[in-house]
Amino acid sequence: MIFWIVTAALSAVVVILMGRAVLHARASEGSEAEYDLQIYRDQLAEIDRDLARKVLTEEEAEQVRTEVSRRILEADRKRQDDIQQPKSGRANGPMIAMLAAATVGISYWTYLSLGAPGYGDLPHQLRLEMAQEVRDNRPSQADAEAQSGVEAPPTVGRDPAYLELVARLREAVAERPGDVRGLRLLASNEASLGNFNAAHQVQAQLINALGDQAKAEDFANLADMLVLAAGGYVSPEAESALATALQMDPTNGAARYYSGLLYSQIGRPDLAFKLWEQLLLDGPDDAIWIAPIRAQIEDLALRAGIAFELEPTAAPRGPSAEDVANAADMTPEERQAMIQGMVAGLSDRLANDGGTPVEWGQLIRALGALGDDDQAKAIYAEAQIVFQGNRGALATIRQAATAAGLIE
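In our numbering, the protein residues as written are 2 to 409.
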């Protein structure tokens, strides 16, 4: 409230000072003309005194009187003009006041539109302390999973034979908990089924069984499963896995991506931007993290106060009129192959260049129509990370997943 009182008072002072400066400008000029007239009148009186003292002759006195009189007339004419000018200034006074008020009003409107009224001052050091506090006190993995609402995917529509194999694999791992190969296969298959909670638990068992033989990729995979199980949230447990992965391999792309996501979530977009910008430069273009980075990095740069714009990518080529005509003459098998090729092209483009929520939804629906539910589920999980926090986009993607039969 104090802020608004002070700014309102300052604005009023500015408007008053501007008005006074304009309205009194001519008045000051008028007083100057009056001063000149008084000097010239004094000079006329001085001429008479000089003539009486015989300092000037009659002829010289007359010449001086003529010159001074001419100056008096000129000064009087100027005084008369100055008398009329303030009237014009007074007539323009309301317009000047309106312009001043409009300037103040536009300034307030700009602040209300672009600023943060009521938001306290946040010095750089305070923002760093707040980010660290958020990082230190954020929810655990268990709490995040309980709050995320991520549910185990339905098994309806899945290949029964495949589900049976996974079930048997679970039993085998339970009987031989130290079997590295079995643990690795089970973690991968649980993730493919969308059972990310079970997947990260098995992955943790795998890392424990590997001991000193565990690699950076194993810890990065653990972090990936933890984040997916928590609905895109990077928990302290996921952060620990990421730190170990980067300590073992600082170039690990997945770990660098999720580390950037962590910084974004705790209020350090500056650090997140540095990581993601370098990942874009390092590539490769078909890396799974490129699409989510492209979808978020411009907004991230804006939050970090950095001027950044993605370079445009080549527009994808859609089916031409000739392609459509040729499709009419194809056998069902050839037509199916063509459709699969187009779906694969869309998938590659979204992975490399990103896309809109509608395009991600189209890919999910297409994969569901082709019966590739596993891939559709993986794309759905990835899309949830890409558009994390964007409720409208997530609703579009969820609708597509429902239409594809992935969720109820």
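Cβ atoms here follow ideal geometry from the backbone N, Cα and C, with glycine treated the same way.
Ignore the nearest five residues each way along the sequence and tell me which others in Ala302's own chain have a CB closer than 6 Å to its CB. Phe274 and Phe309, listed in sequence order.
Around the C-beta of Met1, are 16 or more other C-beta atoms found within 10 angstroms, so that it is buried, or is it exposed? Because the chain is modelled from 2 through 409, residue 1 falls outside the range shown and cannot be assessed.
Would you identify the three-state DSSP class for Leu11, choosing helix, strand or coil? Leu11: helix per DSSP, three-state reduction.
Please identify the residue among Leu45, Asn138, Glu60 and Trp361 whose C-alpha is closest to the C-alpha of Arg71. Nearest C-alpha to Arg71: Leu45.
If we require 4 or more residues per run, which alpha helix (DSSP H) segments fall completely within the segment 167–224? You should have 181–193 and 197–211.
Alpha-carbon to alpha-carbon, Ile107 and Thr8: Their backbone Cα atoms lie some 14 Å apart in a straight line.
Going by the CB atoms, is the gap between Leu166 and Leu184 shorter than 8 Å? Contact: no.
In three-state DSSP terms, what is Ser236? Ser236 falls in the coil class under three-state DSSP.
What is the rounded straight-line gap between the Cα of Leu395 and the Cα of Val14? C-alpha separation (whole angstroms): 51 Å.
Where Ala405 falls: helix, strand or coil (DSSP): Three-state result, Ala405: coil.
With a CB to CB cut of under 6 Å and the five nearest residues on each side skipped, what residues in its chain are close to Ile380? Closer than 6 Å at the Cβ level, and outside the excluded window around Ile380, lie Leu364 and Ile365.
Output needed for Ala200: all residues of its chain with C-beta closer than 7 Å, excluding positions within five of it in sequence on either side, in chain order. Within the same chain, Ala200 has close Cβ partners Ala188, Glu191, Ala192 and Met226.
Val235 classed as buried or exposed, judged by whether at least 16 other C-beta atoms fall within 10 angstroms: By the neighbour-count rule (16 or more Cβ atoms within 10 Å), Val235 is buried.
Ala132 versus Phe220: straight-line alpha-carbon distance, rounded: Rounded to whole angstroms, Ala132 to Phe220 spans 25 Å at the Cα level.
Rounded to whole angstroms, what's the CA-CA distance from Tyr259 to Ala175? Just pull it up for me. Approximately 31 Å between the Cα atoms of the pair.
Between Leu186 and the rest of its own chain, which residues show a CB-CB distance below 7 Å, the 5 nearest in sequence each way excluded? Only Leu170 meet the Cβ criterion.
Which class does Val56 belong to by DSSP, given the choice of helix, strand or coil? It is coil, neither helix nor strand.
Pick out the complete alpha helix (DSSP H) segments inside the segment 245–302, 4 residues or longer, and give them in chain order. Look at the segment 245–302 and you find these whole runs of alpha helix (DSSP H), each 4 residues long or longer: 254–267 and 270–283.
Whose C-beta lies closer than 7 Å to the C-beta of Ala205 among residues of the same chain, with five residues either side of it excluded? Excluding residues within five positions, the ones whose Cβ falls inside 7 Å are Leu223.
Candidates Val181, Ile386, Leu194 and Asp300: which alpha carbon is nearest Ala168's? Closest by alpha carbon: Leu194.
One question on the structure: do Leu351 and Trp361 come within less than 8 Å of each other, judged by their Cβ atoms? Yes. Within cutoff.
Distance, Cα to Cα, Ile17 vs Pro140? One C-alpha to the other measures close to 55 Å.
What is the DSSP secondary structure of Ala46, reduced to helix, strand or coil? In the three-state reduction of the DSSP assignment, Ala46 falls in the helix class.
Apart from the five residues just before and just after Val145, which ones in its own chain have a Cβ nearer than 6 Å to its Cβ? Here residue 145 is Ala; the residue named in the question, Val, does not match the sequence. Within the same chain, Ala145 has close Cβ partners Ala231, Tyr234 and Ser236.
How long is the line joining the alpha carbons of Met99 and Val105, rounded to whole angstroms? Rounded to whole angstroms, the separation of the alpha carbons of Val105 and Met99 is 10 Å.
Quick one: what does DSSP say Ile307 is sitting in, helix, strand or coil? In the three-state reduction of the DSSP assignment, Ile307 falls in the coil class.
Within 10 angstroms of its Cβ, does Leu347 collect 16 or more other Cβ (buried), or is it exposed? Burial check for Leu347: the Cβ neighbour count within 10 Å reaches 16 or more, so the residue is buried.
For Asp375, which residues in the same chain have their Cβ closer than 7 Å to its Cβ, ignoring the five residues on either side in sequence? Closer than 7 Å at the Cβ level, and outside the excluded window around Asp375, lie Ser193.
Thinking C-alpha only, which one of Leu127, Glu47, Leu368 and Val203 is nearest Arg177? Measuring from the Cα of Arg177, the nearest candidate turns out to be Val203.
Helix, strand or coil for Leu431? Go by DSSP, reduced to three states. No information on residue 431 is available, as it lies outside the stretch 2 to 409 that the chain covers here.
DSSP state of Pro161, grouped into three classes? If DSSP states are grouped into helix, strand and coil, Pro161 belongs with the helices.
Delimiting residues of the alpha helix (DSSP H) encompassing Ala143: From DSSP, the alpha helix (DSSP H) with Ala143 extends over Gln142 to Ser149.
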